[in-house]
Each structure stands twice: as structure tokens, then as C-alpha cells.
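Chains as they are written, first to last, in our numbering: chain F, 2 to 523; chain Z, 20 to 457.
Step one of this worksheet: look at the structure below.
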Amino acid sequence: MGVTSFAFIIFCIITVFVFYMLPYRMRWVWLLAMNLLFYVSAGVLQVVFIVMAACISWSGSWLITRNYQKEEIYFQNTEGLAKERKKEVKLLNGRKRKGILFCVLLLVLGQLAVVKYNGIFLHNGSLFCFFGNSVQGIVVPLGISFYSLFCIGYCIDVYRGQYTAEKSLLKYFTVVTFFPCISQGPFERYGHLSEQIFADKKFDGQQVVFGAELMLWGFFKKMVIADNLSPFVTEVFQPGSGGGYGGLFVIAAAFCYSIQIYADFSGYVDIVSGLGRMLGIALVQNFNAPYFSKSVPEFWRNWHMSLGSWFKDYVFYSVLRSSWCQFLVKKAGKVFSRKVSMNIVTSVALFINWFLIGLWHGLEWKYILFDLYYGGIMILDIWLKPIYRTGNCSAFFYRVFQVGRTFLVVCFAYILLCAGNVSEFIFHLKEIIFYPNPKRFFSYELFAMGISRSKAVMLLFAVAVLVLVDILHVKGHNIRCEVAKKNIVLRWLLLVGIIYAVILFGAYGPEYDVSTFIYQAF
Amino acid sequence: MKHYKVVIKIICFILFFCIINKTLCFLAVDDTISFTRIMMHELYYPDSNIDVLFLGASHCYRSLDTRITDKVFQCNTFNAGSSNQSADGTYSLLCEAVKRNKIQKVYVEVGYAMPRYETGYKDRTQMTGTYIISDYMKPSYNKARFLLQASSAKHYANSFFPARRSWENFFHPAEMLKLLQKKFSKEYREYGYVVNGNEEYCGKGFVEDDTEIPTGGFYSMEEYQKIEDSRWSEDWQESIRQVIQLCEEKGIALTFFSAPMPDFLLVASGEYDQYIEFMDSLLEGSSAQYYDFNLCKPQYLSLTENNFKDDNHLNTKGAKIFSGLFSEYFAGGLSGENIFYGSYQEKIAAQKDTVYGVVVKDNKEKGELSLEAVTNADSMEEIFYIAERTGRDGQSVTQKSSICGLLPYSSGETGTVDIRVYFKGVETNHISVPYGAE
Numbered sequence: 002m003g004v005t006s007f008a009f010i011i012f013c014i015i016t017v018f019v020f021y022m023l024p025y026r027m028r029w030v031w032l033l034a035m036n037l038l039f040y041v042s043a044g045v046l047q048v049v050f051i052v053m054a055a056c057i058s059w060s061g062s063w064l065i066t067r068n069y070q071k072e073e074i075y076f077q078n079t080e081g082l083a084k085e086r087k088k089e090v091k092l093l094n095g096r097k098r099k100g101i102l103f104c105v106l107l108l109v110l111g112q113l114a115v116v117k118y119n120g121i122f123l124h125n126g127s128l129f130c131f132f133g134n135s136v137q138g139i140v141v142p143l144g145i146s147f148y149s150l151f152c153i154g155y156c157i158d159v160y161r162g163q164y165t166a167e168k169s170l171l172k173y174f175t176v177v178t179f180f181p182c183i184s185q186g187p188f189e190r191y192g193h194l195s196e197q198i199f200a201d202k203k204f205d206g207q208q209v210v211f212g213a214e215l216m217l218w219g220f221f222k223k224m225v226i227a228d229n230l231s232p233f234v235t236e237v238f239q240p241g242s243g244g245g246y247g248g249l250f251v252i253a254a255a256f257c258y259s260i261q262i263y264a265d266f267s268g269y270v271d272i273v274s275g276l277g278r279m280l281g282i283a284l285v286q287n288f289n290a291p292y293f294s295k296s297v298p299e300f301w302r303n304w305h306m307s308l309g310s311w312f313k314d315y316v317f318y319s320v321l322r323s324s325w326c327q328f329l330v331k332k333a334g335k336v337f338s339r340k341v342s343m344n345i346v347t348s349v350a351l352f353i354n355w356f357l358i359g360l361w362h363g364l365e366w367k368y369i370l371f372d373l374y375y376g377g378i379m380i381l382d383i384w385l386k387p388i389y390r391t392g393n394c395s396a397f398f399y400r401v402f403q404v405g406r407t408f409l410v411v412c413f414a415y416i417l418l419c420a421g422n423v424s425e426f427i428f429h430l431k432e433i434i435f436y437p438n439p440k441r442f443f444s445y446e447l448f449a450m451g452i453s454r455s456k457a458v459m460l461l462f463a464v465a466v467l468v469l470v471d472i473l474h475v476k477g478h479n480i481r482c483e484v485a486k487k488n489i490v491l492r493w494l495l496l497v498g499i500i501y502a503v504i505l506f507g508a509y510g511p512e513y514d515v516s517t518f519i520y521q522a523f
Numbered sequence: 020m021k022h023y024k025v026v027i028k029i030i031c032f033i034l035f036f037c038i039i040n041k042t043l044c045f046l047a048v049d050d051t052i053s054f055t056r057i058m059m060h061e062l063y064y065p066d067s068n069i070d071v072l073f074l075g076a077s078h079c080y081r082s083l084d085t086r087i088t089d090k091v092f093q094c095n096t097f098n099a100g101s102s103n104q105s106a107d108g109t110y111s112l113l114c115e116a117v118k119r120n121k122i123q124k125v126y127v128e129v130g131y132a133m134p135r136y137e138t139g140y141k142d143r144t145q146m147t148g149t150y151i152i153s154d155y156m157k158p159s160y161n162k163a164r165f166l167l168q169a170s171s172a173k174h175y176a177n178s179f180f181p182a183r184r185s186w187e188n189f190f191h192p193a194e195m196l197k198l199l200q201k202k203f204s205k206e207y208r209e210y211g212y213v214v215n216g217n218e219e220y221c222g223k224g225f226v227e228d229d230t231e232i233p234t235g236g237f238y239s240m241e242e243y244q245k246i247e248d249s250r251w252s253e254d255w256q257e258s259i260r261q262v263i264q265l266c267e268e269k270g271i272a273l274t275f276f277s278a279p280m281p282d283f284l285l286v287a288s289g290e291y292d293q294y295i296e297f298m299d300s301l302l303e304g305s306s307a308q309y310y311d312f313n314l315c316k317p318q319y320l321s322l323t324e325n326n327f328k329d330d331n332h333l334n335t336k337g338a339k340i341f342s343g344l345f346s347e348y349f350a351g352g353l354s355g356e357n358i359f360y361g362s363y364q365e366k367i368a369a370q371k372d373t374v375y376g377v378v379v380k381d382n383k384e385k386g387e388l389s390l391e392a393v394t395n396a397d398s399m400e401e402i403f404y405i406a407e408r409t410g411r412d413g414q415s416v417t418q419k420s421s422i423c424g425l426l427p428y429s430s431g432e433t434g435t436v437d438i439r440v441y442f443k444g445v446e447t448n449h450i451s452v453p454y455g456a457e
């Protein structure tokens, strides 16, 4: 069930309506049912994988919690135990917990690897050929990359003692399968989500209206902007064909893609966040006007924020805190200053972090290089910070320059992301340098590539609206609250205006292939 | 009180939403030359009660001249035919008509093309036939049901928001201004009758067309789909059953008929009798009757090429002839006379051997025209063609072709070819067709 489909809208209306009709204690059961229904609509067999991931992580975390509890009881019953013995018991239990966590990671990541990367393993050689034909042709289950990380995060949190494991498998399953977040995030944390799902919430009309408005805004971004830009970008970066239109087309397509991917992904997040809000559940923020960032690190703090925060908490800090990293700090500290040695270790942790994000995006060189490109810039940022972050950085034009520079750096990376593979990326770079083809670019051919003149004008308007809204957000305006205070005619005009923009200009229906969300592929 | 306010707000919002929908539709959709718009207006606001209603696709509104049927039936007849009207459209229009009129008789035109067009309503790709009706239907449960059942969900936005189909007009302000000027004109506002080329709306649903096919001038540039290969749409049959049921409930006499089509088309389309059998079996056990005017004996209905506007539809002259016979037959003027043959095969066998027309296939890649005469003769041996090609460069080549009718031309060449067909040494057909690369 596509999130922009008619069926999904009906599904949401039914979910929200029945949710508030039911008594508090029954609501999570209803959500569980709807989660399963949503998931089953993608394919009955796909449920097997999410059930496995949930069962493994739930059992593992439960074992870890039991181990904690046993340890606590042991210490309570054996008061006055020698400090050394206590340390020994703690170490032993710690190893047990680590072992359990390791098993959970192995199984959940193993399932992710087999299912998501099986085609590549089977294609590339005999290393994984023992999987045989049984996994060949498996359709990558909906949201496996997202719920696998969710389950792992949950287990690590329990391992770190941040909270005790959930006793009820069904309640845990309700949180894992929470359908708005299942296919593309945002990456939620168990504690944040479960508190809200199982809380007793009264119906709040204002929140439902706000949620519906947010969903509408998401539909606008996805269907009016992203899906209308898609044909042009696809045409220029046609997989396998190597394009051949010329460098200016590649540059234009990269700019268009930057808008497309932002509108696509943030549109999805707005849709699901709006739905969450209608159900009284506030999902984590995933975007914060990323294209107004002044540097690449700031861009990644504002882009797919929940993914960055997940990798920061569970990978980056884990690596930094690891014993071998501490060892490295000590060793480096003997040769270099403390700051330099810290920079070395941070760089190593950043490299690992971004390498793993690349792997998570896909087992292809282009994804790994794409993420290492950002990792590299961030490492450079650490080392060069003292040099370039001097002087007055607050001048308006300097900020504009910084924003423009960051945007160009990001757009450059999109060429790699859009290209079929690394060699096509190199081909596109050569096109930009040696074959810009301005004659063709400034001919009317541009309008025959999926974006007609009318569509181009419409897109200009739509993107202008998107930019305006982001500027207002950056300036600290809460647009929905401010609009809610305006008089009813203006409010309705705005609302009806956006509804009709989606209905009239949205790329859907018989003339269009329904575009899947870009991030659904990861 | 609070709930009351919320309900009022919701109703007002829906009304506001619908008003905007109507306004956008008015601004974007160009229906200034639409016959159906006027027909639907007249259907909703007839001068007097509609006694006899004709329904069906283009064969209906081009074949039955209501000026003639009014005279012969001596009551108010109305032709609610519309282009590509399928059985679900027929049913919906019938629902609208019976709500507002005391109808005594309904005649539904059922050409063989409609039931075989569609595998199922949900698989429809072409929705024009639906929209030209629904766009002018008044808001009602019947309209909503019609649109929801007419297609899969992916067409719904186009169905319920007509402005979406013409959204590009919003970005052509000059065109939109021109359109608005037309729409604010007295003619448009007062549903003045529309003339479009040779076509003219004549009132109460009938559209006449003065175009004439010259004698011996039938041809087709593509092979017709064979009737024997057709699968009859289940959805279409279901809608026909709904029409029958509604008429039975309302006590309306219902008749199905097929308007006359050129023998060229029917012979080239294969076993036409299979369609007649299908219709007979569909209506078996119901109170409705089926009459196929393609089976008419020549002493009652004799139509030539000059009575058709194309290889499918009657023109003004043809409609006049057919409307007369139709009205007379159903008004009882020909009672006791058997005006129909038992089968189409029988009709064709009764005719003199002739060539009805030519199917010309242009294989542009090969550089070859193939000609196939459509005939009722047992043997093709006495048929030959003389073709004269006039290329774009003006060079003329005369070629006497063999019976297999293959005319090669050099690849990349383009022009027109003048084809004369001879049967038993006499010229029967003469056509001129374009050929070659675009």
C-alpha cells in the first residue's frame, strides 16, 4: 500500500477514527492489527522477516534484563561480598550480556544481509553460495533496513541498562511494526515511541487537524514536486545508458534531484508524522531546512536527523568508547598532543561510522563512496576547523556564500548517487568538464524530457513555496500555529489551495507510474 | 452546541470545496463545442415529458433523428446517445431520465464494438466516454456510483475533478482568457446549438453530419479485429441486466437494437452472426427484445456508401432513411412484415457478388503496401488492382498488381497511392490513401 495511494488515505481515516472510538486499553491492540494489515498488504511472506527480527530482539533483550535482575538479586542476597568477587561476577555477567547482544546483532544483521544483499552475494561469487537458490529472488521486505536498526537499537539500549525489556511480546511487536515508521523511518527509539503508544490520550481535535495539515503538506511535497521532477532526473541519469545529454543537463538534473530527494523524503516524513500526530504520537523530527546549512556537518545534523542520531549513538560513540579506541588515544597521546590524538581517534570513528552508513544504504561502491565522501569532508572539517573558522562568520553575504557552497558540495554528491555506478559517475564528470553541450541545453529539448513548459512553471511556483516555508521555519515561525490564528476564510483558502494543488498538479493517476519513495530503496 | 458548530463548519467546508471545484472546472475545461453538454442540459430540462428515450453510443446519436421519430411516434422522443457510451453510462443516464420523466419506451443501441471493447470497467484506460456524460450529470448518488464503478481508483481524481484533466490550461493565461470569453458568451450560457465542421447538433440529442463516403470508397488502413476472436465483457453484460431490471421495475418497454453499419465493416470483421447469437442469449428469458438493423432486407433499408460518414456511422442522409424505417417499424407501421433476414450470413449470400472495400496495410519498414479486398465472392481470382503511386517528388508510377495485392515502394518514399479495384473486369472501388514514412 503506497503512502500516497487512495487506499492509504482510506486506511488512515479508518485507523484514526476507530482508534478514538475504542477505550484506552484497547487502542494499542487496534494499532497492532492495523500495523499487521499494513504490512500484510505488502506481501504475506514479508511478515516472516519482521516477526523474526522482533522475536530475536525481544528474546535477547529479555535475557539481558533477566541477567541484570539476577545480578541485582544476587548482590542483594550476598551483601558484604568482597569487592573483587563482585567485580568478577559483574564481569562474568557483563560477558554473558555481551554474548547475548552479539548473538542478537549477528542474527538480525545476518537476516538483513541475507535478504537485502543476497542478489549481490550470489552474483559476485561463491563466498555465499551456500545460500543456494532458496534466497534467490527474494523481494527485499518492506522496511527491513529500518526495523532491523530499530531492533538493534532497542537491544543495545537494554544492554546499556537504559531501560528494562518489555515483558509483552505483543506490545513490543506493536512498537516495532508501528506502520507509519516501518518503511522509511524516521528512526524512532523504543522508549520514545512506546511511551506515547501506550499512553492514555484524549481526543484532541486541534492535533488531528494539525496532523491532517501536515499530511497534506507531505502529499504536496511528494506528489507535486518530487514526482513531477522524477521523469527529468531519470531521463538524464538513465541507468546503464550513461546519459549522453551533456554536462549542463547533468548539472541541471543534479539540482533537480536535490529538490526531488528532499521533497520526496521530507514529504514522506511529513505524511507519517502527520498521521502520528493524528493518533497523538509525536514522531522525532527528521529534517530541519537542511539546504540552509552552512557546512556539511550542519547539513547532516539537519538531514535525516534520526538516522544520523542513531549511528551517532550506536556506532560512533560505541567505537569511541571501545577499548581499542581508548588504547589508540593513549598510544597517540604519547606521540602527539591530546587534541591531535583525539582528532585521530574521532577521524577513525567517523570513517567507520560513514562506511557503515554507506553499507546500510546499499552494498554498492557508489553508496559506500557517497557516504565516505561525506565522512571525508567531516574528517577534514575536524582537522581544518582551526584554520578556516576564524574571523567574522556572521556577515549576511558570508552566510549566503556558506549555504551556497554547502549546497554545491551536496549536489555534487548527488551525481554519484544518481549515476548507475561509479564508472557512470566518472562519465558524467567528464561530461560536465569536456562536453557541457550548451547548444542542446538551451534548445527546447529540455521541455521534451518529462517536464513540459506548463509543468516547469508549475514546479517553479511549487518549489518557491517550499523554499518560503523552509525560510520561515529557519526564522523560527511555526506556520501551522500561526495559520490557525488567522481568520477562517484565509485558513480555508490556504487549505483548499494546497488540496487542489495536490489534486490538480500531483503526479499520479493513469498517466503516471506511481513513483516509489527514493528512501524506500535503502 | 460545540458539536453543532463543528458539523456546520464541516458542511460549509465541503460546500466551499465543491464551489472551488466547479470554478476550476469552468476556468480550465474547454467544452465549448461539446454536443453532449447540450444534450445533457436538454435531458435535465426537456420541453415536455420524455416519452421515448434512445440510449447508446455514437451509432445512436448519429442514427436517430428525433425530428423524424417525434413525428412518427407522435410523442416526445429524446436521443441520449453519446460518444463511446458503454452500458454503465447507458444505465446511469436511464436512472437520471426516469427520475424526471414518465418514460414509456426505451430503445438502447448496442453496437458490437462496445461489449468487446472492455475486458472490465476496472481495466479501462480510455475514460472519455464516461467523462462526457459524468461531467454534466447533476451531483447525486447515481453519479458517484457511476464514477466509482467506471474505473479503477487511479482514475478517480480525473473523474471527480475534471479540471485535473486540463490542468495545463492554468499556465496558459491567454488561452484561458479566450476560453472564458467563449464561456461568457450568450451562446454558451444559453446552450446554443453547436456546429463543429460538418457536424451539427440538431436538438434533442441528434447530431447530423454531411460528410459522405464516395461510391466505392470504403477502405481501412488497418485490419479490423475479428468478432470471432472477441470476448464479451462481463461488466457490460451486468450493466445491460441492470438496465433491463430498472425498466421492468418502472414498467418501461425496453428494446435493444443495432443501428446499420456498412457491410464493408461487418464482412471485414468476420462472423457477425456470432454477435447476434451473443445478444440473443444475453436477453434470453428477459422481457427485452433485440433487433439488428444490419439484417434488414434491401426492400426496406438499402444504404450505400453515400449514406455513411465513415466506415462506421450514418451521415445525415443515412440517418434520415434509418430514422424513418426505425420509427415506422416500432410504431407498428410495418406490422406483419418480416423486414429482417434470419442471419447476416443469409443477407450477404442474398447479395450479388461485389467488393465492399479494401483493407490497406502499409508496412513502412519493408516499404510495402498490401491490399485485401473485402468481398462476398467465393473466389478472389477475378479481383485485381491498378495502383498509381504519386511520390512526394511528384513521380507517378502505375502498377498492375496481382491478386495477392502487394505493392512495393522504395524505403523512405512517401506520397499517396490511387487504387482502383476491378471485379470481373469492372471497376468497383476507387480509393486514394497516403503511404510511406511520416
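Even for Gly, the Cβ is constructed at its ideal location relative to N, Cα and C.
- Three or more beta-carbon pairs drawn from the region 406-420 of chain F and the region 370-377 of chain F are found closer than 8 Å, and the two stretches are therefore classed as touching.
- The shortest CA-to-CA distance from histidine 191 of chain Z to any of F/Ser58, F/Lys456 and F/Asp271 is the one to F/Lys456.
- Looking at the backbone, the Cα of arginine 143 of chain Z and that of valine 475 of chain F are separated by about 47 Å.
- Annotated three-state conformation of leucine 388 of chain Z is strand, per DSSP.
- Contact annotation: glutamine 104 of chain Z and glycine 148 of chain Z have beta-carbon atoms nearer than 9 Å.
- When the beta-carbon positions are compared, isoleucine 263 of chain Z and leucine 199 of chain Z stay at least 9 Å from each other.
- Going by DSSP, valine 141 of chain F is part of no beta strand (DSSP E) at all; its letter is neither H nor E.
- Close partners of isoleucine 504 of chain F in chain Z (Cβ separation under 8 Å): Ala176, Phe180 and Arg183.
- Going by C-alpha positions, valine 297 of chain F is about 22 Å away from glycine 268 of chain F.
- Sequence-distant Cβ neighbours of glutamate 356 of chain Z in its own chain, meaning closer than 6 Å and more than five residues away, do not exist here.
- Sequence-distant Cβ neighbours of threonine 394 of chain Z in its own chain, meaning closer than 6 Å and more than five residues away, are Val374.
- Excluding sequence positions up to five before and after proline 134 of chain Z, its CB lies within less than 6 Å of the CB of Trp251, Ser252 and Trp255, all in the same chain and listed in chain order.
- At least 9 Å separates the beta-carbon of glutamate 391 of chain Z from that of lysine 383 of chain Z.
- Here the region 64-77 of chain Z makes no contact with the region 35-44 of chain Z; the two share fewer than three CB pairs at distances below 8 Å.
- Residues of the region 331-349 of chain F with a C-beta less than 9 Å from any C-beta of chain Z: none at all.
- Contact with chain Z is found for arginine 454 of chain F, since one of that chain's Cβ atoms lies less than 9 Å from the residue's Cβ.
- Within the same chain, and ignoring the five residues on either side of tryptophan 325 of chain F in sequence, no residue has its Cβ closer than 8 Å to its Cβ.
- Counting C-beta atoms within 10 angstroms of its own C-beta, leucine 469 of chain F has fewer than 16 neighbours from the protein chains shown and is therefore classed as exposed.
- Restricting attention to alpha helix (DSSP H) runs no shorter than 4 residues, the region 402-463 of chain F encloses them at 423-435 and 439-442, ordered along the chain.
- At a cut-off of 9 Å between beta carbons, asparagine 40 of chain Z contacts chain F.
- For proline 387 of chain F, the three-state secondary structure derived from DSSP is helix.
- In this structure, lysine 316 of chain Z lies away from tyrosine 363 of chain Z, with their beta-carbon atoms at least 9 Å apart.
- Close partners of alanine 169 of chain Z in chain F (Cβ separation under 9 Å) are lacking, with about 12 Å as the shortest Cβ gap.
- Secondary structure at aspartate 89 of chain Z: helix, using DSSP grouped into helix, strand and coil.
- Look at asparagine 98 of chain Z here: in three-state DSSP terms it is strand.
- Phenylalanine 36 of chain Z reaches chain F at Val497, counting residues in chain order whose Cβ is nearer than 7 Å.
- For histidine 191 of chain Z, a Cβ of chain F is located within less than 9 Å of the residue's own Cβ.
- Inter-segment contact for the region 159-177 of chain Z and the region 21-34 of chain Z is absent: fewer than three beta-carbon pairs are separated by less than 8 Å.
- Close CB contacts of cysteine 152 of chain F within its chain, under the 6 Å cut and outside five residues either way in sequence, are with Ala54, Ser58 and Val109 (chain order).
- Shown here, phenylalanine 179 of chain F sits in coil according to DSSP, grouped into three states, outside any helix or strand.
- Annotation: the continuous beta strand (DSSP E) that includes proline 453 of chain Z extends over 445-455.
- In the three-state DSSP reduction, serine 105 of chain Z falls in the coil class, being neither helix nor strand.
- Between the region 78-88 of chain F and the region 171-181 of chain F there are fewer than three inter-stretch CB-CB distances shorter than 8 Å, so the stretches are not counted as touching.
- One Cα belongs to threonine 435 of chain Z, the other to glycine 424 of chain Z, and the distance between them is close to 16 Å.
- Not flagged as an interface residue toward chain F: methionine 195 of chain Z, since no C-beta distance is shorter than 9 Å.
- When the beta-carbon positions are compared, isoleucine 29 of chain Z and serine 101 of chain Z stay at least 9 Å from each other.
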